[in-house]
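Notes follow the structure.
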Amino acid sequence: PTNHLEHTQAMLHMFLLCVASAGYLVFAGSLRKNHGFSEVDTLLANSLLSSPFLVGWLLYRGEYSQWSSFSHWSDVSFQGILCSSIILALILNYSVFVNVSVNSPLTTTITGQIKNIGTTALALILSPPAQVSEAYVGGIILGVVGSLWYGVDRLRHTLNS
Numbered sequence: 153p154t155n156h157l158e159h160t161q162a163m164l165h166m167f168l169l170c171v172a173s174a175g176y177l178v179f180a181g182s183l184r185k186n187h188g189f190s191e192v193d194t195l196l197a198n199s200l201l202s203s204p205f206l207v208g209w210l211l212y213r214g215e216y217s218q219w220s221s222f223s224h225w226s227d228v229s230f231q232g233i234l235c236s237s238i239i240l241a242l243i244l245n246y247s248v249f250v251n252v253s254v255n256s257p258l259t260t261t262i263t264g265q266i267k268n269i270g271t272t273a274l275a276l277i278l279s280p281p282a283q284v285s286e287a288y289v290g291g292i293i294l295g296v297v298g299s300l301w302y303g304v305d306r307l308r309h310t311l312n313s
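For any residue, its number in this note's numbering is found by taking its place in the sequence shown, counting from 1, and adding 152.
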């Protein structure tokens, strides 16, 4: 049986993530354009500004106690993997900022949409769903059509400018 409440919450969560990502990119662009921040300055400002929200979310969701009582904090291999993940995240974030500053917004948009479609296709191939439903197929189709539509719209807007 399908739990529609969980699906609705997941879809709302994804929508909020998309809105937050768009807001983040606009904010980061504003810092760089209006205040002369470099990529590193922008990443640092983002980390400092987002940390209170992250801590608040941990406290609100009751996850702080789980986080603080995690049994592997003293495990050296866990610490190594955690540090490696942090370094990879920093490199990825920096790479995204450099990519956005070197390429045009249209190039970034089109490659981003291709990446989204490619990621969806790869996920379907490598990890097929246990149960395919109309909502699942509809969501995949909606995501791909939305990505294509957005990319074409940005291309038209750029060509008409």
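The beta-carbon is built from N, C-alpha and C at its ideal position, and this holds for glycine as well.
Nothing here was measured: the structure is a model prediction, and the numbers come from that model.
What did DSSP end up calling residue i once you bin it into helix, strand or coil?
i	result
Phe222	coil
Gly214	coil
Pro153	For Pro153, the pLDDT reaches just 46, beneath the cut-off of 50, and the residue's location in the model is therefore unreliable, although a value from the coordinates is still provided. The answer is coil: DSSP assigns Pro153 none of H, G, I, E or B.
Phe205	helix
Asp305	helix
Ser237	helix
Phe230	helix
Taking the alpha carbon of residue i as the point to measure from, which residue in the options has its own alpha carbon closest?
i	options	result
Ile269	Gln161, Leu169, Val178, Gly298	Gly298
Val304	His159, Ile262, Tyr288	Ile262
Arg306	Thr160, His159, Gly264, Ser253	Gly264
Asn198	Leu274, Gly175, Tyr212	Gly175
Leaving out the 5 sequence neighbours to the left and right, which residues in its chain are closer than 7 Å to residue i when beta-carbon positions are compared?
i	result
Asn245	Leu195
Using a Cβ-Cβ cut-off of 8 Å (strictly less than) and excluding sequence neighbours within five positions of residue i, which residues of its own chain qualify?
i	result
Phe230	His224
How many whole angstroms separate the CB atoms of residue i and residue j, which I take to be in contact at a CB cut-off of 8 Å?
i	j	result
Glu286	Phe249	In fact, because the Cβ distance is near 39 Å, the residues do not count as touching under 8 Å.
Looking only at its own chain, which residues have a Cβ that is under 6 Å from the Cβ of residue i, when we skip the five neighbours before and after it?
i	result
Val252	Thr260
Exercise. What runs of the alpha helix (DSSP H), each 4 residues or longer, lie entirely inside the stretch 241-286?
Worked result: The alpha helix (DSSP H) runs of length 4 or more contained entirely in the stretch 241-286 are, from start to end of the chain, 257-278.
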